[in-house]
Structure formats: C-alpha cells, structure tokens
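Below is one structure, written out as structure tokens; comments come after it.
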Amino acid sequence: MMNILNNYIESKLQDEGADIVGFGDLTALPSEVRKKFPVGISVAVKYPTEVIRGISDFPTSEYNKWYINLNERLDNLVTIGAEILRKKGYNSVAMTRSEVGSGESEDNTVLPHKTVATRAGLGWIGKSALLITEKYGAMIRLSSILTNAPLETANPISVSKCGDCLACAKACPAGAISGKNWEIGLYRDEFFDPLKCRKTARERAEQGFGGGNTICGKCIEICPYTRRAWQYR
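Numbering of the sequence shown is given in the working numbering, commencing with residue 1451 and proceeding in unit increments.
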C-alpha cells in the first residue's frame, strides 16, 4: 500500500495536471548519474488524442503547439513537486529543461526521463526509443524529480512488451528504428539511430508546419498501444 507521502505528492501533482505519477528506486544506477539521490519521481502528461491522430502524414502546427505546451507544463509540475518535498524537509531537484537540456541537441542526456519512468514502473522503452505505457501508449511527455524522500517505490520494468511488432520500424520515415527490442543494459544506439531521426524530423517539421522544433511523431501515432489508448479518451 502506498505510503502517506506518496499519496500526498501524487495527489498534488495530479491536481496540477499530471496524468501519471510514478516513484522509482534509482540506487541500481551509478551515484553520479542520479546526483546521489536514491529516488526518482516520474511525471507524465498526455497529448490530446485528436492531436496525435492528426499527425499521420506530417507533424502539424497543433502538434507543435502541444509539444511546447506540455514541455512547459512539465517544467512547472516538477518544480512544484520538488518545492513541496523541500518544504517537507527533503532534498529534491526538479529535472527541468534548464537542468537536463531541451532535447534539441545531439548530446545524450545523462539520466533520461524515460529511464526514471522505467524504474518507476510506468512503462518500457519501445523500439522507437520512446517510453511506451499501457494506459496511453507513446502519446506522452515526461519529466522527473530526484529526491531523498522516503517514498515507496514501484517494481521497475526491465524488458520490452513490444514483442514481434514492427509497426514503428516499418512506418519510420527516417529508417531509424532497427526493430530490435530494448532490454536493461542495451545502449539506445544499438537499436535506434538518433541522428537519422533528428535529420528527418527537422525536414518533416519544416514540411508540416514551417519548422522550429525537431519533431515528427509518426512512431507515436502508429504505435498499437497508442491507438488502443484512443478508445479511453
């Protein structure tokens, strides 16, 4: 049963607009990667179904608007969450874009939000290198909080549930997805080519809405878990 502090943090974040909140034990990760914090709180917000339905051909201006909106919302959510924990007497760091980067560069993030999410049991890494959740598929954005608060943590997810599905690999305009399943310890570049993805995403963003952000979204839209989630709007 989730402890009182877990319930309090989850309730506060959901009141502020979070769609999913999870708590993960990070101690299996190197200390410097997690800034010596033992616990990660994963926070997810979802795209509206109609926005994801609308990007079957190209990314749209509406998708770009929501991409910006959700990123800003997540920065606000994790900032609020970290402040609540600090007021409770615990050290906490909000992993906002100013802390971890915007994702527009070609540098790897030391502690990706999706790693925290898998440790928190929210989902697994798909063949597209995106987090896939049972509830919303891939149509979410993520952020994280690192803390030393004594939170109850979930069982981590360490293996893929994509199985033999190749929907995203076949649909990827960049040919960036190898079709290999993720598992713990498998480096992203062993199953996914981020350089191909970024190059094509920039081109498709330019075609779809005039560019400005490196987004495509085809692997989100085509994922069977995403499409299954559409019925639960």
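Ideal placement from N, C-alpha and C gives every residue a C-beta, glycine not left out.
Following the continuous beta strand (DSSP E) through residue i, name the residue where it begins and the one where it ends.
i	result
Thr1546	From DSSP, Thr1546 is part of no beta strand (DSSP E); its letter is neither H nor E.
Leu1645	Counting along the chain, Leu1645 falls outside any beta strand (DSSP E), though it belongs to the alpha helix (DSSP H) covering 1644-1659.
Leu1581	1581-1583
Gly1504	Run containing Gly1504: none; DSSP gives neither H nor E here.
Leu1592	1590-1597
Once the 5 residues before and after residue i are set aside, which same chain residues still bring their CB inside 6 Å of it?
i	result
Asn1453	Glu1602
Phe1508	Arg1654, Gln1657, Gly1658
Ile1505	Tyr1513, Gly1667, Glu1671
Let me see if you follow: with CB-CB separation under 8 Å, is residue i close to chain C or not?
i	result
Gly1658	Here chain C cannot be found, since the structure has a single protein chain.
The ligand NAP and residue i: does any heavy atom of the ligand fall closer than 7 Å to the residue's C-beta?
i	result
Asn1605	Annotation note on the ligand NAP: not contained in the displayed structure, which lists no ligands.
Have a look at the DSSP bridge pairing and note the partners of residue i.
i	result
Glu1633	Val1609
Asp1475	Val1489
Val1560	According to DSSP, Val1560 bridges with nothing at all.
Gly1662	DSSP lists no partner for Gly1662.
Gly1587	Thr1583
Lys1620	In DSSP, Lys1620 forms no bridge with anything.
Val1495	Arg1591
Ile1627	Phe1642
Ile1470	Ala1494
What residue range is occupied by the uninterrupted alpha helix (DSSP H) comprising residue i?
i	result
Trp1516	1511-1537
Ile1575	Careful: Ile1575 lies outside any alpha helix (DSSP H), inside the beta strand (DSSP E) at 1573-1575.
Ser1461	1454-1465
Pro1674	1674-1679
With a CB to CB cut of under 8 Å and the five nearest residues on each side skipped, what residues in its chain are close to residue i?
i	result
Gly1662	Asn1514, Ala1655
Pro1623	Thr1650, Arg1654, Cys1666, Lys1668
Leu1527	Leu1463, Glu1466, Gly1467, Ala1468, Val1493, Val1495, Ser1593
Val1471	Ile1459, Glu1460, Leu1463, Gln1464, Ile1491, Ser1492, Val1493, Ala1494
Please go through the same chain and pick out, in chain order, the residues whose beta-carbon is closer than 7 Å to the beta-carbon of residue i, but skip the five residues on each side of it.
i	result
Tyr1517	Asn1663, Ile1665
At least three beta-carbon pairs within less than 8 Å, the region 1469-1481 to the region 1538-1546: no
Inter-stretch contact at 8 Å, needing at least 3 Cβ pairs: the region 1558-1570 / the region 1527-1541: no
Touch test, the region 1566-1584 against the region 1514-1528, Cβ-Cβ under 8 Å, three pairs minimum: no
Given 8 Å, three or more beta-carbon pairs between the region 1589-1597 and the region 1615-1628: no
Segment contact, 8 Å Cβ cut-off, at least three pairs: the region 1486-1496 with the region 1621-1635: no
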